[in-house]
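A.B. asks:
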Ligand code: SF4
């Protein structure tokens, strides 16, 4: 017998179930319990009356900066403003979804490709955002490479207001409805990368971005 | 990790005399304990979520085999290979085998306590594979050739001066004095490794049966590099980590970072499911998940099963007065503090870790702090009972306990002996009312005096009070 069989048999014996592996009935019961997708208690602020204010408050706490623009057309100008304000070079690697915007008009070199190690800024969209924790959620796909949010020192993320949800549970429900199975990577980003591993002192910019900037449309 | 838990007493007293360690521990204690208290206070429904969290963990643990099989089915459906390992040796052999088969020369690792349990790094290095720890704390310890002393903040016992010294030797650059500069230097040193590793190894805080998902929780983003960039991703985790649904994960993740460091969420949470999909430009081509037993099935179905609910947040050690004073290394194995005092004796044998269930003041803080309501002091007490039954405590101690048991079940004898004892103790206290030396426990009285009792027993006083009260009626 292999390790799998031994482990399963040991568990069953210890918990007083006969046989060497779970029965069909037991498996069905587990699947049924899973299919209920029971949601546990949630803190009061998870359903704040002003969702946007809750999102802004949490972004502030995690170190994400926030800007609001009227339409997608205004994104390049806001990116240009942000890069200039932070003294960053006017060049970025971005998701293809944004390639059609007028980047040249804003004086920015837009590279339509996954970010490489030496790109300074990465521009991504997101699947949705979560107000409870000030989080943006990215799903990996050919059009949405995860590295663009991870390798550059600055991550700019475009969020549509109608995609702002209350909780993580809401994001799972939306995922099931619109996508089905989770893709390879479901990536929850709440502020820039940080560490407190030396003397419990918080330092921003451990391995991922130093800056996360959300542009809300 | 080599087991040293049998030397707890000796190591603990060395640690108490280590001034640098004492300073480091004091600083950490405040940050962890205060941070958690603040996060819990503003949460509003802490107890409700704790209760639910314990329930969802118990639900999966009560049918652990079926949940594991369901997890396996879904992970395989998504292209992962699921391996099962009965012990440390098997786990290492599986992973070394994957490395050999794929010509792996360099591995980047994000923090995994299970890999510490099984000594994975040593094994891979022996096979000629370069292993790079990428969590900053683990990286520091790898340079220092030391094991972690905390499950969340592995290098909590190090001061920045000690880290600076290690970096000078490893990076060959001028000595740094500021923590941000040290972090930057480590970032640069590790970047290159992330981009050139053939294989990434991570742990998984939970595995989700519904979707066949594994996941990582970090602030640094190192786990994301490790699980995204190399062509092979290996997950090593314990069989007890399985939960049912994504919603169960949402509940647990509200508790984990708050309990660990007082944060409402970590900067990165990543659910990783299967291999990269057609057309994806990043993500691994192979995903292997190694489910490790290594002692866990000894807890299943036992009166210690609740311990398997543990989500490795570290709150119990942060709140433990013993841990706060001696630090993690004194415990002599991977898991320190109250949770370690239960896991270590079970995983490596009670005979090798006899002092751990006794390294407690039974103040109960750990059980109050534990986000999944594990009754840690009760479980330690059960291990003490096992020690007594298996005659693992010294003869003299067992005799004393047996004598106590004999007396305590005979009220008249008990009353007589306690009357004599109270009077003798009072006499020993002399005019200052302090006992400087007690036979049999002179180790205890060496460091402190014991206040002498008043000379009368509780029963005597109670009887007097009762008769006084009835006179007054
Ligand atoms: S026993 Fe409880 S408090 Fe301790 S690490 Fe585990 S979950 Fe956290």
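Chains as they are written, first to last, in our numbering: chain P, 177 to 393; chain Y, 7 to 479.
Note that the Cβ used here is the ideal one computed from N, Cα and C, for glycine as well.
None of these values were measured; they are calculated from a predicted model.
Along the alpha helix (DSSP H) that carries residue 268 of chain P, what are the first and last residues, could you check?
C.D. replies: Per DSSP, residue 268 of chain P belongs to no alpha helix (DSSP H); it is in the beta strand (DSSP E), 267-270.
A.B. asks: How about residue 75 of chain Y: is its C-beta nearer than 7 angstroms to some C-beta of chain P?
C.D. replies: yes
A.B. asks: Mind checking residue 479 of chain Y: buried by the 16 CB within 10 Å criterion, or exposed?
C.D. replies: Since pLDDT at residue 479 of chain Y reaches only 46, below the 50 mark, its modelled position is unreliable, and no value is offered.
A.B. asks: Would you report the Cα separation of residue 33 of chain Y and residue 376 of chain P, rounded to the nearest angstrom?
C.D. replies: Pairing residue 33 of chain Y with residue 376 of chain P, the inter-Cα distance amounts to about 8 angstroms.
A.B. asks: With C-beta atoms as the reference, is residue 316 of chain P less than 7 angstroms away from residue 352 of chain P?
C.D. replies: Cβ distance not < 7 angstroms, so residue 316 of chain P and residue 352 of chain P don't count as in contact.
A.B. asks: Is any heavy atom of the ligand SF4 found at a distance shorter than 6 angstroms from the C-beta of residue 345 of chain Y?
C.D. replies: yes
A.B. asks: What does the Cβ neighbour count give for residue 262 of chain P, buried or exposed, with the cut at 16 atoms within 10 Å?
C.D. replies: That one is exposed.
A.B. asks: Using a 10 Å radius around the Cβ and a threshold of 16 neighbouring Cβ atoms, would you call residue 11 of chain Y buried or exposed?
C.D. replies: That one is buried.
A.B. asks: Since residue 247 of chain Y and residue 281 of chain Y are thought to touch, with beta carbons under 8 angstroms apart, how far apart are those beta carbons, to the nearest angstrom?
C.D. replies: 21 angstroms between Cβ atoms; not a contact.
A.B. asks: Give a yes or no on whether the C-beta atoms belonging to residue 393 of chain P and residue 248 of chain P are separated by under 7 angstroms.
C.D. replies: yes
A.B. asks: Pull up the DSSP beta-bridge partners for residue 457 of chain Y, would you.
C.D. replies: Y:440
A.B. asks: Is the Cβ-Cβ distance between residue 334 of chain P and residue 290 of chain P less than 7 angstroms?
C.D. replies: no
A.B. asks: Any heavy atom of the ligand SF4 closer than 6 angstroms to the Cβ of residue 378 of chain Y?
C.D. replies: yes
A.B. asks: Relative to the C-alpha of residue 346 of chain P, which residue among Y:211, Y:255, Y:377 and Y:286 is closest?
C.D. replies: Y:255
A.B. asks: Is the beta carbon of residue 445 of chain Y closer than 7 angstroms to that of residue 159 of chain P?
C.D. replies: Because chain P here runs from 177 to 393, residue 159 of chain P falls outside it and cannot be looked at.
A.B. asks: Using the beta-carbon count (16 or more within 10 Å), is residue 174 of chain Y buried or exposed?
C.D. replies: Under this definition residue 174 of chain Y is an exposed residue.
A.B. asks: Hey, is residue 320 of chain Y close to the ligand SF4, as in C-beta under 6 angstroms from one of its heavy atoms?
C.D. replies: yes
A.B. asks: If you reduce the DSSP assignment to three classes, tell me which class residue 114 of chain Y lands in.
C.D. replies: strand
A.B. asks: If you draw a straight line from the C-alpha of residue 136 of chain Y to the C-alpha of residue 199 of chain Y, how long is it?
C.D. replies: 10 angstroms
A.B. asks: Give the list of continuous alpha helix (DSSP H) stretches no shorter than 4 residues that lie fully inside the stretch 17-61 of chain Y.
C.D. replies: 25-47
A.B. asks: So the alpha helix (DSSP H) residue 212 of chain P belongs to, where does it begin and stop?
C.D. replies: If you look at residue 212 of chain P, you'll find it isn't in any alpha helix (DSSP H); DSSP assigns it neither H nor E.
A.B. asks: Is any heavy atom in the ligand SF4 found nearer than 6 angstroms to the beta carbon of residue 316 of chain Y?
C.D. replies: yes
A.B. asks: Residues of the stretch 48-59 of chain Y with a CB closer than 7 angstroms to any CB of chain P: list them in chain order, please.
C.D. replies: Result list: 49, 50, 51, 54, 55 and 58.
A.B. asks: For residue 209 of chain Y versus residue 84 of chain Y, is the C-beta spacing smaller than 7 angstroms?
C.D. replies: Taking C-beta atoms as the reference points, residue 209 of chain Y and residue 84 of chain Y fail to come closer than 7 angstroms.
A.B. asks: Expressed to the nearest angstrom, what Euclidean distance is found between the alpha-carbon atoms of residue 185 of chain P and residue 93 of chain Y?
C.D. replies: Cα to Cα, the separation comes out at about 15 angstroms.
A.B. asks: Out of P:388, P:368 and P:374, which one is the CA nearest neighbour of residue 272 of chain Y?
C.D. replies: The candidate whose alpha carbon is nearest that of residue 272 of chain Y is P:368.
A.B. asks: Residues of chain C with CB closer than 9 angstroms to the CB of residue 317 of chain P, please, in chain order.
C.D. replies: You won't find chain C in this structure, because its protein chains are P and Y.
A.B. asks: Would a check of beta-carbon distances place residue 338 of chain P closer than 7 angstroms to chain Y?
C.D. replies: Output row for residue 338 of chain P: interface = no.
A.B. asks: Could you work out which residue in P:321, P:341 and P:299 is closest to residue 4 of chain Y when comparing CA atoms only?
C.D. replies: Since the first residue shown for chain Y is 7 and the last is 479, residue 4 of chain Y is missing from the structure and cannot be characterised.
A.B. asks: For residue 320 of chain Y, which residues in the same chain have their Cβ closer than 8 angstroms to its Cβ, ignoring the five residues on either side in sequence?
C.D. replies: The beta carbon of residue 320 of chain Y sits closer than 8 angstroms to those of 38, 156, 157, 158, 159, 265, 266 and 343, all from its chain and outside the five residues before and after it, given in chain order.
A.B. asks: Are the beta-carbon atoms of residue 68 of chain Y and residue 102 of chain Y separated by less than 7 angstroms?
C.D. replies: no
A.B. asks: With 7 angstroms set as the bound, which would you pick, yes or no: does the beta-carbon of residue 230 of chain P sit closer than that to a beta-carbon of chain Y?
C.D. replies: no
A.B. asks: Between the C-alpha atoms of residue 438 of chain Y and residue 171 of chain Y, what's the straight-line distance to the nearest angstrom?
C.D. replies: 51 angstroms
A.B. asks: Using only the alpha-carbon positions, how far apart do residue 143 of chain Y and residue 190 of chain Y sit?
C.D. replies: 14 angstroms
A.B. asks: By the 10 Å Cβ neighbour count, where 16 or more other Cβ atoms means buried, how is residue 263 of chain Y classified, buried or exposed?
C.D. replies: buried
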